Structure formats: C-alpha cells, structure tokens
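J.: Residue numbers (our numbering): 880 to 1249.
A virtual CB, placed ideally from N, CA and C, is assigned to each residue, including glycine.
Because the structure is a prediction, the values reported are computed rather than measured.
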Ligand SMILES: NC(=O)c1ccc[n+]([C@@H]2O[C@H](COP(=O)([O-])OP(=O)(O)OC[C@H]3O[C@@H](n4cnc5c(N)ncnc54)[C@H](O)[C@@H]3O)[C@@H](O)[C@H]2O)c1
C-alpha cells in the first residue's frame, strides 16, 4: 500500500502520526510511505531521519491510506482511498457523511475496542497517559507551592495536596506523576474497581459514592443518576476545599462530562489553588471550566487545556505511531482482517466503507437520516 502521513494542521497540534521507526517497519513489510517535508519537525523528527527509514519525503496527494493524528476531515483526505486516525465520529458525524459522499473508507482510532487483542492499538489510552502526566506538570508549574516536602535551612515546606477525580488511564497516570513529585495525593472514581488501583499507587481514596453498575463491559463508566450526582458533590466538597491542586479526568463516552466541582467548591479553595480539567473538550468536570482557556475565579485558576498530549510530542507520537502501525498490520497485513465481518477490530474501527456509513451510532448522531 502507498501510505501517506498527514501534515497536522490544527492549532497547537505538534504530534505526527508515524515516527521514523514506524516508517521503517512499514517499509520492511512492503509498504511505500510518503511523508510531507517537515511533518515531524515539531515532534523532533527530521526529514533526513524519515529518508533513512526508507520513507519518501515529498508533498503528494494520491495514496491508498492517509494516516493522521487528526481529527481528520474529508478535505484532508482528498486523493486518499482510505483515512485512519482520530476522526471524532460522534462529535463530527457531518464530517463522516462528507467522507461517505466522497466515496471514501474511514477508520477511527476512537473506536478501537478495549480488548486484550487490541491493546497495542488503543490510542485513547496511550494519549490519555500523556495527558495525565502533562496535567500534573502544568499544575505543578501553575501552583505557587512546591509539590514535595522540603526540609531546608530556610524552613520546612509541607507537601502540596493533590486531588485527582476520575481514576481511569489519565487519572491513574496523574496520581503516579504527582506522587513521584512528592505531593500528598488522593483520588476518586465512581467505579468500585478504581479504589484498589488508586491505593496501589500510594494515594488515598476519597470516600464518595461508588456504583457497581457504573462500569460498562468496555471498562468505561456509565452516566449516574441525580441522587448519586448530589451525593458525589456532597462527598467531594471537603476534599476539594483541602486541596492545593485538583485534577479532573472524569468522562462518560458519548456524553457531556459529569460536573464534580461546583463554583461554590472552587470558592472554598485556598488562594493560589489550581484546577486542571482534562474533560474540558466534553464540557468540563468543573462548572467554571472554559475549553482551551484559563479562568481566574477569585484567585483560583481553572485550566481547560485541549492540547496536553501535544506537549510531549516526541513520546506521544512514538506511542500513537505504535498504535497506528499495529492497527495497519492487523487490517492490511499478511492475513488482512479489513473486510472480515467476523473481525471485531475491523468491524468496530471502520466507520465509513466505500461511501457507506457502517456504524449505527454514527447514523444516530446524524439524526437517523442515513
Ligand atoms: N484494553 C483494556 O481492557 C482497557 C484499555 C484502556 C482502559 N481500560 C479501562 O477502562 C477504564 C476507563 O478508561 P478511560 O480512562 O479511558 O475512561 P474515560 O476517559 O472514559 O473516563 C475517565 C474516568 O472517569 C470516571 N468517571 C466517569 N464518570 C464519573 C463520575 N460521575 N464520577 C467519578 N468518576 C467518573 C470513569 O470511571 C473513568 O475511570 C479504566 O478502568 C481502564 O483501566 C481498559
């Protein structure tokens, strides 16, 4: 196959879909890989490294497969038979229709199933790992306080108190990173299984409600009822008031993020308090969050960053690249599963095939008109 790497164009996007090592492995498997000049520059990969890996460094359009970080649009994929990357299929179903109208085929990294077989292809997890790490670095530099305890001739500094809400992939990485920096960390998640994971990282679990049925078969959380929401806010209020830093990561796939921090709770925090809200793109876990902005509310800063994985672009790209090559090998390798209706990974990740939208949930997001 002729595989073309997308030159990322969205603001603040510094990642690249394939790093030179991945290009070398695809070339070794018999593929041709084309990389636009400078496509890897912001993530630290030069054109000469891509050439040494066997890639062709040139601007070109026609290809069998376009790979990008994305979200990719039908315009990005002009001249490509297929496109693979983050696609935001449920957030931008109209774009999936545009791909279909152009007769294309689309694979969405968001839809890689959470199975053992597909673990190496799970880009949501790899990029959430980066986001969790970066959230702590952001909070540590924005906070007016040290994270670790320091005993110096100039006095003893008490460690910062960091609260992490949502203990999935990003939250657990945030807990681990904040612990490494020496903070006193506590965590909370609606799924009962999260308690042990939080505690195994040396953090304490905040005593809020946990709901057995909240975990779906894919490991994700489901939305909780109104009574549980109220109980959560009550249980979290004291923990938020005592924290120097709150990092929130709670998400429910396909839905608006749950509100876990009210304005009143922000007002209970100390001056110089920092909230980093990783759910900003889906509405935020804090009532005051504005996506992509920093809101100063009475001396407490609420950050709603949208570009956290892009802030460690070399390693984020390396991990993403591994996810993408594993998926390409699975779909189009020797025993290519692409068109096998029994193959779960192919069936789940393919959103548009030869001009037809193949996923019911995308059709529903379009309003059932297709
Ligand atoms: N291959 C696999 O089996 C696989 C791969 C990746 C992740 N997982 C598992 O899936 C789970 C979630 O992954 P994720 O991080 O992508 O999820 P996510 O980004 O959708 O959500 C982040 C966290 O928010 C929590 N949350 C949602 N609503 C909440 C609420 N009202 N209050 C408190 N917390 C709330 C969720 O339980 C989750 O842990 C984890 O257990 C993870 O280990 C499994």
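Residue 1077 and residue 1084: beta carbons closer than 9 Å?
T.: Yes, these two residues count as a Cβ contact at 9 Å.
J.: Could you pull out every residue in the same chain whose Cβ sits closer than 6 Å to the Cβ of residue 1011, ignoring the five residues on either side in sequence?
T.: So the list reads 1049, 1052 and 1053, once near-sequence residues are dropped.
J.: Quick check: residue 989 and residue 1186, are their CB atoms within less than 9 Å of each other?
T.: Contact flag unset, no.
J.: Quick check: the segment 1128-1141 against the segment 1109-1118, are at least 3 beta-carbon pairs closer than 8 Å?
T.: Touching, yes, given that three or more Cβ pairs across the two stretches are closer than 8 Å.
J.: Is residue 1094 near ligand 1, judged by its Cβ being under 8 Å from some heavy atom?
T.: Residue 1094 Cβ: within cutoff of ligand 1.
J.: Given that a residue counts as buried once 16 or more other Cβ atoms are within 10 Å of its Cβ, and exposed if not, what is residue 1239?
T.: Result: exposed.
J.: Is residue 1108 near ligand 1, with its Cβ less than 8 Å from a heavy atom?
T.: Yes, ligand 1 has a heavy atom inside 8 Å of this Cβ.
J.: Any chance the CB of residue 998 is under 8 Å from a heavy atom of ligand 1?
T.: The answer is yes for residue 998.
J.: Between which two residues does the beta strand (DSSP E) holding residue 1011 run?
T.: No beta strand (DSSP E) holds residue 1011; the alpha helix (DSSP H) holding it covers 1002-1021.
J.: Look at the Cβ atom of residue 1233, then the Cβ atom of residue 1153, and state whether they are nearer than 9 Å.
T.: Not in contact: residue 1233 and residue 1153 (Cβ atoms no closer than 9 Å).
J.: If we ignore side chains and look at the alpha-carbon of each, how far apart do residue 1248 and residue 1242 end up?
T.: With a pLDDT of 49 at residue 1248, under the threshold of 50, the modelled position of this residue cannot be trusted, and the question is left open.
J.: What are the uninterrupted segments assigned as beta strand (DSSP E) that are 3 or more residues long and contained completely in the segment 887-971, given in chain order?
T.: Those beta strand (DSSP E) runs which fall completely within the segment 887-971 and span 3+ residues are 911-914, 942-946 and 959-964.
J.: Using 9 Å as the threshold, is the C-beta distance between residue 1007 and residue 1224 below it?
T.: Their beta carbons are not under 9 Å apart, which means residue 1007 does not touch residue 1224 by this criterion.
J.: What's the call for residue 931, buried or exposed, on a 16-neighbour Cβ count within 10 Å?
T.: It counts as exposed.
J.: Under 9 Å between the Cβ atoms of residue 887 and residue 918?
T.: Result yes, Cβ atoms of residue 887 and residue 918 sit closer than 9 Å.
J.: Quick check on residue 1248: does DSSP put it in helix, strand or coil?
T.: Its pLDDT being 49, under 50, residue 1248 is placed unreliably in this model, and the coordinates cannot settle the point.
J.: Tell me the DSSP secondary structure of residue 1084 in three-state form.
T.: Residue 1084 falls in the strand class under three-state DSSP.
J.: Checking 9 Å against the spacing of the C-beta atoms, do residue 974 and residue 1190 come in under that value?
T.: Cβ distance not < 9 Å, so residue 974 and residue 1190 don't count as in contact.
J.: From residue 1025 to residue 923, what distance separates their C-alpha atoms?
T.: Rounded to the nearest angstrom, the two C-alpha atoms are 30 Å apart.
J.: Output the distance between the C-alpha atoms of residue 934 and residue 1058, rounded to the nearest integer angstrom.
T.: The straight-line gap from Cα to Cα measures roughly 41 Å.
J.: Should residue 1130 be labelled buried (16 or more other beta-carbon atoms within 10 Å of its own) or exposed?
T.: By the 10 Å Cβ count, residue 1130 comes out buried.
J.: Please tell me whether, using a cut-off of 8 Å, the distance from the CB of residue 1073 to the nearest non-hydrogen atom of ligand 1 is below it.
T.: Under cutoff, so the answer is yes.
J.: Does residue 1199 come out as helix, strand or coil in the three-state DSSP assignment?
T.: In this structure, residue 1199 counts as helix in the three-state DSSP scheme.
J.: What are the boundary residues of the alpha helix (DSSP H) that residue 1077 is part of?
T.: Counting along the chain, the alpha helix (DSSP H) containing residue 1077 begins and ends at 1073-1079.
J.: Using CA coordinates, which residue listed in 939, 971 and 1125 is at the minimum distance from residue 953?
T.: Taking only the C-alpha atoms, the option nearest residue 953 is 971.
J.: Which residues does DSSP list as the beta-bridge partners of residue 1235?
T.: DSSP, once it has assigned bridges, lists 1232 as partnering residue 1235.
J.: Shorter than 8 Å, the distance from the beta carbon of residue 1012 to the closest heavy atom of ligand 1, or not?
T.: No, the beta carbon of residue 1012 sits no closer than 8 Å to any heavy atom of ligand 1.
J.: If you drop the 5 nearest sequence neighbours on each side, which residues of the same chain put their C-beta closer than 7 Å to that of residue 1150?
T.: 1178, listed in sequence order.
J.: Buried or exposed for residue 1218, please, with buried defined as at least 16 other CB atoms from any protein chain shown within 10 angstroms of its CB.
T.: With fewer than 16 other Cβ atoms within 10 Å, it is exposed.
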